[in-house]
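Chemist: What follows is a structure written as structure tokens; I'll ask about it next.
There are 2 protein chains.
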Amino acid sequence: MAIPYASAMTEADFIARLRAIATDPAARGLADDAAVWEGLVLTHDMIVEGVHFLPDDRPQDVAWKLVAVNLSDLAAKGAAPVGVLVGYSLGDAAWDAGFVEGLDGALRRFGVALLGGDTVRAPTGTPRSFGLTAIGRAPEGGAPTRGGARPGDQIWVTGTIGNAGLGLAMRLGQVEPNETCLAAYCRPQPQLTFGQAVAPHVHAMMDLSDGLLIDAQRMAAASGCELGIMMDAIPLSAALLAVRPDVLDTRLAAATAGDDYQLLFAAVPAAADAIREIAAGLNVAVTAIGHAGVGEGIVLTHHAKRVAVPDRPGFMH
Amino acid sequence: MAIPYASAMTEADFIARLRAIATDPAARGLADDAAVWEGLVLTHDMIVEGVHFLPDDRPQDVAWKLVAVNLSDLAAKGAAPVGVLVGYSLGDAAWDAGFVEGLDGALRRFGVALLGGDTVRAPTGTPRSFGLTAIGRAPEGGAPTRGGARPGDQIWVTGTIGNAGLGLAMRLGQVEPNETCLAAYCRPQPQLTFGQAVAPHVHAMMDLSDGLLIDAQRMAAASGCELGIMMDAIPLSAALLAVRPDVLDTRLAAATAGDDYQLLFAAVPAAADAIREIAAGLNVAVTAIGHAGVGEGIVLTHHAKRVAVPDRPGFMH
């Protein structure tokens, strides 16, 4: 397919161009959560003020999120995190000090070393933008890809879905706030321990950053199969259901909101007991939400009735 | 030393706070060009429009510079580059396409794989900001630090000094342009092959990014010794001397300009023949510009007369 040049280039067009030069197998065609090279898993994610966080988010939370979103990519590859390098734009002193505090807290919490990085002072008034590279050790049996789901596999998610999206609405004053959803937005918890433990049992795994449905579409596309998702099976938290009725629209909103940083994975049905046992041992909730089949894309049902896939299945870049 | 909190925090203050949490030995106290972890050398440098490049610099050149400044850090540790991860803010389509072209060219030139990264769309009007993480293999004998210079060592530089600073002045229309200096500014050449070959012979090595004098001060501080620099020995290019008279002020200007990306290294005098042989074999110029001694900081001489260290010894962040 020809890629447009002089007209507006979308992020997808740009990534297509990058993919054309990322020919090393370790890059996984830039189509996975992370690169996998000689037993290491490497990822780099950026967060930008006004895009990935609010100008009045606490700097401690922004630092936490920067670490968490990258470690979530490692979790999705079953990797054990080792260290990070941080790219930081300096701002005002109190904010910067809060950021270091949050960075320290997140790195201690996840047992990860600060290895290096760079600081720059961007021109005054520039929205803040941060990058982080995280390095982890791949699991011994190899890091799962997004593309290994096979017809017949069960599709699973960890935790509950939609809390962070509702937490964002709470931060914006659109919804009466509660602690659980605000924490899901401000302090996402990468599923590192579970990711490492479950990796040998999965055919495919990825983290949920842009919304369950859009990310499921990506797993379906990478795997060359169809993913059937039961909307009624998607796990919602009590905190979400305290402010939203349990109807299809609520479930669609939860499944198209971003920032969950839960894991989506595919495994043979025979692995279900092992998966539940691992999850129980780590006190992580896991829920089977559907099956992979022959076909493409995602197919949604709600109480066994077919439901249309929303036009906007998640956060579109 | 107490670090100011609520008042203006400088980059140095911020880095001091980061250092306090970067306790892993691999981080080298954030005081080196790169982290060195399990035989790998890891670095992350950012470049920001209006700070590290001009708004009307060609996107091909900006991409080249982003790669080159990071690979130069690897060169300074004697590392062989392996791959990079890129953090990219999208802008207009033609610029983005030019950037990918330049990125491809630089990665091919240096034989480095694009392993991954992230793209974001920053709010309109935001100065562009890019980050790159480069990964290389450390030399077998270990990666030299900045801090190993010892009294009696000779101090060397590769190439010529000050071309890039003059190239920037040419880009700004302040000086009649010539190709050599413009190329030094637009297309810095990391000394990768020479860095790898010379690493076993040096006590300390770093790359020159902010200016010879300020970077020599950093090597002196890290090494706990004094570096004596002979201003008259600093190698200047014919292209620079074509537009500047060979006087002390010219040499001070060259030695306090940034973006040279040459290597500064310290080695015992007995290694001089080996160093010259390596350099000759690789067609790289090397020049002995001084000696390490007992003391601290840098001491400048010009034709054997003491010269004051300029108030601004390089690019101050």
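From first to last, the protein sequence lines stand for chains A and B.
All residue numbers for the first sequence refer to UniProt numbering, where the first residue is 1 and numbers rise by one.
All residue numbers for the second sequence refer to UniProt numbering, where the first residue is 1 and numbers rise by one.
By construction, the Cβ of each residue, glycine as well, lies at the ideal position given by its N, Cα and C atoms.
If you're wondering where the values come from, they're calculated on a predicted model, not measured in any experiment.
Going by the CB atoms, is the gap between P144/A and A79/A shorter than 8 Å?
Modeler: Going by C-beta atoms, A79/A is not nearer than 8 Å to P144/A.
Chemist: In chain B, which residues lie with their C-beta within 9 Å of the C-beta of D259/A?
Modeler: By Cβ distance, chain B contributes nothing, its closest Cβ being about 15 Å from D259/A, past 9 Å.
Chemist: Could you tell me whether the Cβ of S129/B comes closer than 8 Å to any Cβ of chain A?
Modeler: Yes, S129/B lies at the interface with chain A (some Cβ there is under 8 Å from its Cβ).
Chemist: Should Y5/A go down as buried or exposed, given a rule of 16 or more other Cβ atoms within 10 Å for buried?
Modeler: In this prediction, Y5/A has a pLDDT of 38, which is less than 50 and means its spatial position is unreliable; nothing more can be read from the coordinates.
Chemist: Kindly indicate which three-state DSSP category A79/A falls into: helix, strand or coil?
Modeler: Of the three classes helix, strand and coil, the one that applies to A79/A here is coil, per DSSP.
Chemist: If you count every other CB in all the chains shown that lies within 10 Å of the CB of K65/B, and 16 or more means buried, which is it?
Modeler: Burial call: buried.
Chemist: Using a Cβ-Cβ cut-off of 6 Å (strictly less than) and excluding sequence neighbours within five positions of C225/A, which residues of its own chain qualify?
Modeler: Around C225/A: A149, P151 and A292.
Chemist: Answer yes or no: does any C-beta atom of chain A fall closer than 8 Å to that of A308/B?
Modeler: No, A308/B does not count as interfacial toward chain A.
Chemist: Would you identify the three-state DSSP class for Y185/B, choosing helix, strand or coil?
Modeler: Y185/B falls in the helix class under three-state DSSP.
Chemist: Kindly give me the distance between the Cβ atoms of G125/A and M46/A, rounded to whole angstroms, as I take these residues to be in contact under 8 Å.
Modeler: Rounded, the Cβ-Cβ distance is 19 Å, inconsistent with contact.
Chemist: Taking the beta strand (DSSP E) that A134/A falls in, what are its first and last residues?
Modeler: Counting along the chain, the beta strand (DSSP E) containing A134/A begins and ends at S129 to R137.
Chemist: Identify whether F99/A lies in helix, strand or coil by the three-state DSSP scheme.
Modeler: Looking at F99/A - three-state DSSP - the assignment turns out to be helix.
Chemist: Here's the rule: buried if 16 or more other CB atoms are within 10 angstroms of the residue's CB, otherwise exposed. What is D311/B?
Modeler: Flag for D311/B reads exposed.
Chemist: Name the chain D residues that come within less than 9 Å of I15/B, Cβ to Cβ?
Modeler: As a matter of chain content, chain D is missing from the structure shown, whose protein chains are A and B.
Chemist: In three-state DSSP terms, what is T10/B?
Modeler: The answer is coil: DSSP assigns T10/B none of H, G, I, E or B.
Chemist: Please report the straight-line C-alpha distance between L107/A and A26/B, rounded to a whole angstrom.
Modeler: Using only the alpha carbons, I get a separation of about 15 Å.
Chemist: Considering only residues of the UniProt domain "PurM-like C-terminal" (150 to 301) of chain A, which uninterrupted alpha helix (DSSP H) runs meet the minimum length of 4 residues and lie entirely inside it, listed in chain order?
Modeler: Those alpha helix (DSSP H) runs which fall completely within the UniProt domain "PurM-like C-terminal" (150 to 301) of chain A and span 4+ residues are 163 to 171, 179 to 186, 192 to 198, 212 to 223, 238 to 241, 248 to 255 and 272 to 282.
Chemist: Please state whether the Cβ-Cβ distance between G116/B and V82/B is less than 8 Å.
Modeler: In this structure, V82/B does not lie closer than 8 Å to G116/B by Cβ.
Chemist: Along chain B, which residues have their Cβ under 8 Å away from the Cβ of D24/A?
Modeler: Ordered by position in chain B, the residues that pass the 8 Å Cβ test against D24/A are G83, A113, L114 and L115.
Chemist: Roughly how many angstroms separate the alpha carbons of residue 319/A and S72/B, rounded to a whole number?
Modeler: Beyond the ends of chain A as shown, which are 1 and 317, falls residue 319/A; an answer cannot be given.
Chemist: Which of helix, strand or coil does DSSP assign to F315/B?
Modeler: Reduced to three states, the DSSP call for F315/B is coil.
Chemist: Could you check whether the Cβ of V51/A sits closer than 8 Å to any Cβ belonging to chain B?
Modeler: With 8 Å as the cut-off, V51/A counts as an interface residue toward chain B.
Chemist: Helix, strand or coil: which one does DSSP assign to G142/A?
Modeler: DSSP places G142/A in coil when its eight states are reduced to three.
Chemist: Classify G39/B: buried if its beta carbon has 16 or more other beta carbons within 10 angstroms, exposed otherwise.
Modeler: So G39/B counts as exposed.
Chemist: Going by alpha carbons, who is nearest to D32/A out of P269/A, R276/A, G314/A and M219/A?
Modeler: It is M219/A whose Cα lies nearest to the Cα of D32/A.
Chemist: Short of 6 Å in beta carbon distance, which residues of its chain neighbour V284/A, apart from the five on each side in sequence? Order them along the chain.
Modeler: Cβ within range, chain order: T158 and F194.
Chemist: A183/A and V175/A: beta carbons closer than 8 Å?
Modeler: Not closer than 8 Å, so no.
Chemist: For a quick check, are the C-beta atoms of residue 328/A and D118/B less than 8 Å apart?
Modeler: In the structure as shown, chain A starts at 1 and stops at 317, and residue 328/A therefore has no counterpart that could be examined.
Chemist: Which bits of chain B does D207/A rub up against, with CB to CB less than 7 Å?
Modeler: Correct list: empty, because the minimum Cβ distance to chain B is about 14 Å.
Chemist: Measuring CA to CA, which of A94/A, A197/A and D13/A is closest to I275/A?
Modeler: For the residues A94/A, A197/A and D13/A, the minimum Cα distance to I275/A belongs to A197/A.
Chemist: If I'm right that I155/B touches L227/B with Cβ under 8 Å, what's the distance once you round it to whole angstroms?
Modeler: About 6 Å; that satisfies the 8 Å criterion.
Chemist: May I ask you to report which of helix, strand or coil DSSP gives A2/B?
Modeler: Summary for A2/B: the model assigns pLDDT 33, below 50, so the residue's position carries little reliability; its value from the coordinates is reported in the next sentence. Of the three classes helix, strand and coil, the one that applies to A2/B here is coil, per DSSP.
Chemist: Say whether chain A places a C-beta atom closer than 8 Å to the C-beta of W37/B.
Modeler: Yes - at least one Cβ of chain A is within 8 Å of the one on W37/B.
Chemist: For chain A, is any of its Cβ atoms less than 8 Å away from the one on H291/B?
Modeler: Output row for H291/B: interface = no.
Chemist: Can you check whether the C-beta of A6/A is within less than 8 Å of a C-beta belonging to chain B?
Modeler: Its pLDDT being 38, under 50, A6/A is placed unreliably by the model, and the measurement read from it follows with that caveat. Yes, its Cβ sits closer than 8 Å to a Cβ of chain B.
Chemist: Within the same chain, show all residues whose beta-carbon is closer than 6 Å to that of N70/B, passing over the 5 residues directly before and after it, in chain order.
Modeler: Cβ neighbours of N70/B beyond the five flanking positions: T43, D45, L132 and A134.
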